[in-house]
């Protein structure tokens, strides 16, 4: 006999009339939530009604993609008060794009891995607490790879939480590919690498359609084999060596999170984080990124040499555990939740005003420009820099356990956000001024 109860989804408030025995296998058809509240208990139906309802309930389970177990006879039971019912969450399967990537390059780090279930933060305090924990865990693991340099780790993590992308500039031999790959492993998300060579083609980046293997030749169909751009973390190594057409495709993926391939718009799975690398000592870069393309990167991260003790620790860890041995501390779903939480962090008028004045101070011969900008800059940063400063300040504040950013957080974000958005003129080069030096003088010259 069916014991029919009325339940309500705790997320979208949708109502369902179901058998109480089926509740542990249910999933909301509207939002996919698995938490329900029992509202009341209905009278046990007659035998014909029970059979009809049984079919309706199993249809509901089938639409939700859940196999309904046999329904045992359950005695009617009065519900005294609303009660939270949580259905067990099935292990998520890898996405189609991840499966395609795995088929294309067996053994690559593309299989979606899932960490232990993490409860969704219920308050601002819990959200900040989890971000602090994530920051500490990622820093601990990544220091094994980069040898200290917490500011680099913090900037990379902040860029991911902001939903942005990074240019990483360092001398050869530092291990920029290993840095991006290790970050993906720590966050338990997929990683792919694009070797930006002069002969790189669009198919090498986006993928291509091939004939699928089939036992019956006449039934063979085209099958899309996804390229390396369809991953959570993508490394575009030496991006200045590839033709502008390929650069434009990579930037399009960064902007829209989708690409038009094989006559179909193909979505890039979130979270999506692109790291483009450059060598500061390249005398001649065949195809340097244009100012428009540079502006699409939230941060430019400059990596220097590690301290002596940090470099010694890197050697010890590599000798004992391998150069890429790091623990997984997060999951793709949790990264997405943190990104959404960052959007809700409030900004004070004082922080917005300071970020605005700092960016306007970089624009030579414009209102609010400082003398150093008029003397040493060809042009300054655009409005996207102001937006980037505000977003980065939120992340830096959250990592330090604060619910809202202050002006110091904007100053902390100034160098990575502005250093690739200002253009030095010949006078600055003649006087040996670097972008970071200009930014330091701008920060000291703009009143708080």
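In my numbering, the protein residues as written are 102 to 549.
Glycine is no exception: its CB is placed at the ideal position from the N, C-alpha and C atoms.
Within this structure, are the beta carbons of residue i and residue j separated by less than 8 Å?
| i | j | result |
| --- | --- | --- |
| residue 546 | residue 473 | yes |
| residue 333 | residue 400 | no |
| residue 536 | residue 525 | yes |
| residue 557 | residue 230 | Residue coverage of the chain in this structure runs from 102 to 549, which leaves residue 557 outside it and unanswerable. |
| residue 306 | residue 350 | yes |
| residue 490 | residue 515 | yes |
| residue 500 | residue 255 | yes |
| residue 369 | residue 455 | no |
| residue 331 | residue 308 | yes |
| residue 523 | residue 463 | yes |
| residue 378 | residue 272 | no |
| residue 233 | residue 502 | yes |
Which residues share a DSSP beta bridge with residue i?
| i | result |
| --- | --- |
| residue 327 | 308 |
| residue 117 | 108 |
| residue 263 | Looking at the DSSP assignment, residue 263 forms no beta bridge with any residue, so it has no partner. |
| residue 360 | 367 |
| residue 335 | 293 and 375 |
| residue 270 | 379 and 403 |
| residue 524 | 480 |
Can you grab the Cα-Cα spacing for the pair residue i / residue j, in whole Å?
| i | j | result |
| --- | --- | --- |
| residue 359 | residue 367 | 6 Å |
| residue 495 | residue 336 | 25 Å |
| residue 292 | residue 282 | 6 Å |
| residue 403 | residue 304 | 31 Å |
| residue 380 | residue 237 | 29 Å |
| residue 394 | residue 226 | 37 Å |
| residue 539 | residue 267 | 21 Å |
| residue 285 | residue 372 | 11 Å |
| residue 217 | residue 457 | Residue placement at residue 217 is flagged as unreliable, the pLDDT there being 36, under the threshold of 50; a coordinate-derived value is accordingly withheld. |
| residue 294 | residue 140 | 52 Å |
| residue 345 | residue 338 | 15 Å |
| residue 451 | residue 313 | 59 Å |
| residue 191 | residue 121 | Below a pLDDT of 50, predicted positions are generally treated as unreliable, and residue 191, at 42, falls in that range; the measurement from the model is reported next regardless. Approximately 19 Å between the Cα atoms of the pair. |
| residue 385 | residue 278 | 22 Å |
| residue 353 | residue 311 | 24 Å |
| residue 460 | residue 242 | 34 Å |
| residue 397 | residue 355 | 8 Å |
| residue 239 | residue 128 | 33 Å |
| residue 543 | residue 253 | 22 Å |
| residue 439 | residue 376 | 20 Å |
| residue 198 | residue 362 | Note that residue 198 scores a pLDDT of 41, beneath 50, so its modelled location is shaky and nothing firm can be said. |
| residue 434 | residue 528 | 49 Å |
| residue 215 | residue 504 | Bear in mind that a pLDDT of 37 at residue 215, under 50, signals an unreliable position, so the model cannot answer this. |
| residue 448 | residue 430 | 29 Å |
| residue 534 | residue 357 | 36 Å |
| residue 541 | residue 487 | 17 Å |
| residue 260 | residue 492 | 9 Å |
| residue 138 | residue 108 | 5 Å |
| residue 115 | residue 265 | 35 Å |
| residue 467 | residue 387 | 33 Å |
| residue 411 | residue 422 | 16 Å |
| residue 130 | residue 389 | 49 Å |
| residue 420 | residue 426 | 11 Å |
| residue 126 | residue 327 | 34 Å |
| residue 164 | residue 123 | Here residue 164 scores only 38 on pLDDT, less than 50, and its place in the model should not be relied on; the value that follows carries that caveat. If I take the Cα positions, the gap works out to 14 Å. |
| residue 475 | residue 382 | 27 Å |
Among the options, which has the Cα closest to the Cα of residue i?
| i | options | result |
| --- | --- | --- |
| residue 263 | 109, 437, 409 and 522 | 437 |
| residue 136 | 428, 469 and 110 | 110 |
| residue 343 | 356, 302 and 513 | 302 |
| residue 392 | 480, 466, 529 and 467 | 480 |
| residue 235 | 270, 258 and 365 | 258 |
| residue 298 | 340, 426, 478 and 270 | 340 |
| residue 105 | 113, 420, 118 and 112 | 118 |
| residue 465 | 483, 448 and 449 | 483 |
| residue 485 | 467, 502 and 521 | 521 |
| residue 407 | 251, 124, 422 and 327 | 251 |
| residue 549 | 300, 532, 426 and 510 | 510 |
| residue 325 | 428, 296 and 364 | 364 |
| residue 112 | 467, 327, 422 and 133 | 133 |
| residue 477 | 420, 467 and 530 | 530 |
Check your understanding: Do the stretch 411-418 and the stretch 246-257 touch if we need at least three Cβ pairs shorter than 8 Å?
Key -> Inter-segment contact for the stretch 411-418 and the stretch 246-257 is present: three or more beta-carbon pairs are separated by less than 8 Å.
Review point. So does the stretch 487-503 actually touch the stretch 441-452, counting three or more Cβ pairs closer than 8 Å?
Key: Cβ pair count under 8 Å is three or more, so yes.
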